[in-house]
Amino acid sequence: MKLLSGKEVSQHVYNLLTDRIETLKKKNIIPGLAVVLVGEDPASKVYVRSKAKRFASLNLFSETLVLPETTSEGELLDLIKRLNKDSKYHGILVQLPLPSHINTDHILDEILPEKDVDGFHPVNLGKLAQGRPQFVACTPKGIMRILDYYDIDLSGKSVVIIGRSNIVGRPMSLLTSLKTQGANATTTICHSGTKNIPEITKMADVIIAAIGVPELIDESYIKEGAIVIDVGMNRVDSPERERGYKLVGDVNQKSIENKVAAITPVPGGVGPMTIAMLVENTVEAAERLSKII
Numbered sequence: 645m646k647l648l649s650g651k652e653v654s655q656h657v658y659n660l661l662t663d664r665i666e667t668l669k670k671k672n673i674i675p676g677l678a679v680v681l682v683g684e685d686p687a688s689k690v691y692v693r694s695k696a697k698r699f700a701s702l703n704l705f706s707e708t709l710v711l712p713e714t715t716s717e718g719e720l721l722d723l724i725k726r727l728n729k730d731s732k733y734h735g736i737l738v739q740l741p742l743p744s745h746i747n748t749d750h751i752l753d754e755i756l757p758e759k760d761v762d763g764f765h766p767v768n769l770g771k772l773a774q775g776r777p778q779f780v781a782c783t784p785k786g787i788m789r790i791l792d793y794y795d796i797d798l799s800g801k802s803v804v805i806i807g808r809s810n811i812v813g814r815p816m817s818l819l820t821s822l823k824t825q826g827a828n829a830t831t832t833i834c835h836s837g838t839k840n841i842p843e844i845t846k847m848a849d850v851i852i853a854a855i856g857v858p859e860l861i862d863e864s865y866i867k868e869g870a871i872v873i874d875v876g877m878n879r880v881d882s883p884e885r886e887r888g889y890k891l892v893g894d895v896n897q898k899s900i901e902n903k904v905a906a907i908t909p910v911p912g913g914v915g916p917m918t919i920a921m922l923v924e925n926t927v928e929a930a931e932r933l934s935k936i937i
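Under our numbering, the first residue of the sequence shown carries the number 645, and numbering increases by one thereafter.
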């Protein structure tokens with residue numbers, strides 16, 4: 645079984661970005677990201693810190709704007725409008741999930757498409773659906789980059805995606821089925837309304853698991869020699885560990901290790917690539933807004 649290391653691929657991405665970042669800096673442009681965090685969700689705070697740490701390591705600008713849980717939708721919309729107008733921010737990211745009293749779609753729709761480095765705006769999703777992507781959601785884009793790095797061509801292959809979220813599943817289905825190099829797959833989405841999921845996934849050459857259920861996918865879902873992309877990042881209790889928990893994916897990796905050809909580890913697989921693609925999208929946004937590309 646081959647491990648598809650997102651850490652290795654992400655470092656390759658950062659190496660490739662070095663010259664582009666230097667070109668911008670020579671023009672006194674430092675790619676900048678505004679991250680908006682509403683509330684005190686522990687997982688969201690961890691993700692936001694990871695993003696800020698990576699931007700700092702590359703000498704890029706990022707600012708985290710932390711708002712109380714009680715922030716109204718109107719107040720958040722007003723902030724987004726101000727960030728849209730502020731030229732030091734080339735990208736805007738609203739950390740999800742938002743508190744239940746705020747309509748997520750209203751907030752994401754307010755971000756300018758040219759600053760939507762998360763790739764969630766309807767304009768960017770629509771361009772992806774038309775086969776002319778601008779900003780693509782970071783996790784699906786990162787998965788495609790992993791596959792490309794390890795010379796895994798999806799053309800003619802059967803790909804099954806488990807999960808239909810707007811963050812991973814839906815954009816992933818569009819990316820894998822595009823008539824482009826490395827894609828061109830026959831793609832199926834399974835979700836909570838799908839019957840007999842294991843029967844479908846057993847036909848897949850590539851399985852992409854993005855359901856947020858710890859270690860649900862085991863050997864009964866997978867055919868011999870399949871490639872598995874484990875998007876899940878779940879905390880489960882682990883009293884023997886100092887922090888009291890461990891991170892596991894949506895796949896029971898131990899149960900399938902002798903059956904699959906390759907898999908992304910958790911942690912160290914898809915997660916690092918999500919952040920790498922956020923950096924890449926922010927650099928591209930700076931280039932576009934500065935008329936360099």
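Note that CB positions come from ideal geometry on N, CA and C, so glycine has one too.
Under three-state DSSP, which class holds residue i?
i: Ala905; result: coil
i: Phe705; result: strand
i: Thr832; result: strand
i: Tyr733; result: coil
i: Arg932; result: helix
For residue i, which residues of its own chain have a beta-carbon under 6 Å away from its beta-carbon, when the five flanking residues on both sides are left out?
i: Val803; result: Thr820, Ala829, Thr831, Val850
i: Pro858; result: Asn878, Val880, Val892
i: Leu647; result: Pro909
i: Ile942; result: Since the first and last residues shown for the chain are 645 and 937, residue 942 lies out of range.
i: Pro788; result: In the sequence under discussion, the amino acid at residue 788 is Met, which differs from the Pro named in the question. Leu819.
i: Glu713; result: Gly683, Pro743
Can residue i and residue j be called in contact, C-beta distance under 8 Å?
i: His733; j: Leu677; result: Just to set this straight, residue 733 is Tyr in the shown sequence, not His. It is a contact, given that the beta carbons lie within the stated cut-off.
i: Ser899; j: Lys671; result: no
i: Ala870; j: Ala827; result: no
i: Val923; j: Phe699; result: yes
Buried or exposed for residue i, going by 16 or more other Cβ atoms inside 10 Å?
i: Met921; result: buried
i: Gln945; result: Given a span of 645 to 937 for the chain in the structure shown, any question on residue 945 remains unanswerable.
i: Gly650; result: buried
i: Gly763; result: buried
i: Gly837; result: exposed
i: Gln774; result: exposed
i: Met662; result: Going by the sequence as given, residue 662 is Thr instead of Met. Counting Cβ neighbours within 10 Å, Thr662 comes out exposed, since fewer than 16 surround it.
Apart from the five residues just before and just after residue i, which ones in its own chain have a Cβ nearer than 8 Å to its Cβ?
i: Gly888; result: Asp881, Ser882
i: His750; result: Glu717, Leu721
Spatial neighbours of residue i within its chain, please: C-beta separation below 7 Å, excluding the five flanking residues on both sides.
i: Ser694; result: Ile919
i: Ser688; result: Leu681, Gln739
i: Gly915; result: Gly650, Met877
May I ask you to check if the CB of residue i is nearer than 7 Å to at least one heavy atom of the ligand SAM?
i: Asn902; result: Inclusion of the ligand SAM in the displayed structure is not the case, the ligand content being empty and no account of it being possible.
Three CB pairs or more closer than 8 Å across the segment 721 to 730 and the segment 700 to 708
As far as the Cβ criterion goes, the segment 721 to 730 does not touch the segment 700 to 708, which means the pair count is below three.
Is it a yes or a no for the segment 712 to 728 touching the segment 747 to 759, going by three-plus beta-carbon pairs under 8 Å?
Contact between the segment 712 to 728 and the segment 747 to 759 is present, because at least three Cβ pairs lie under 8 Å.
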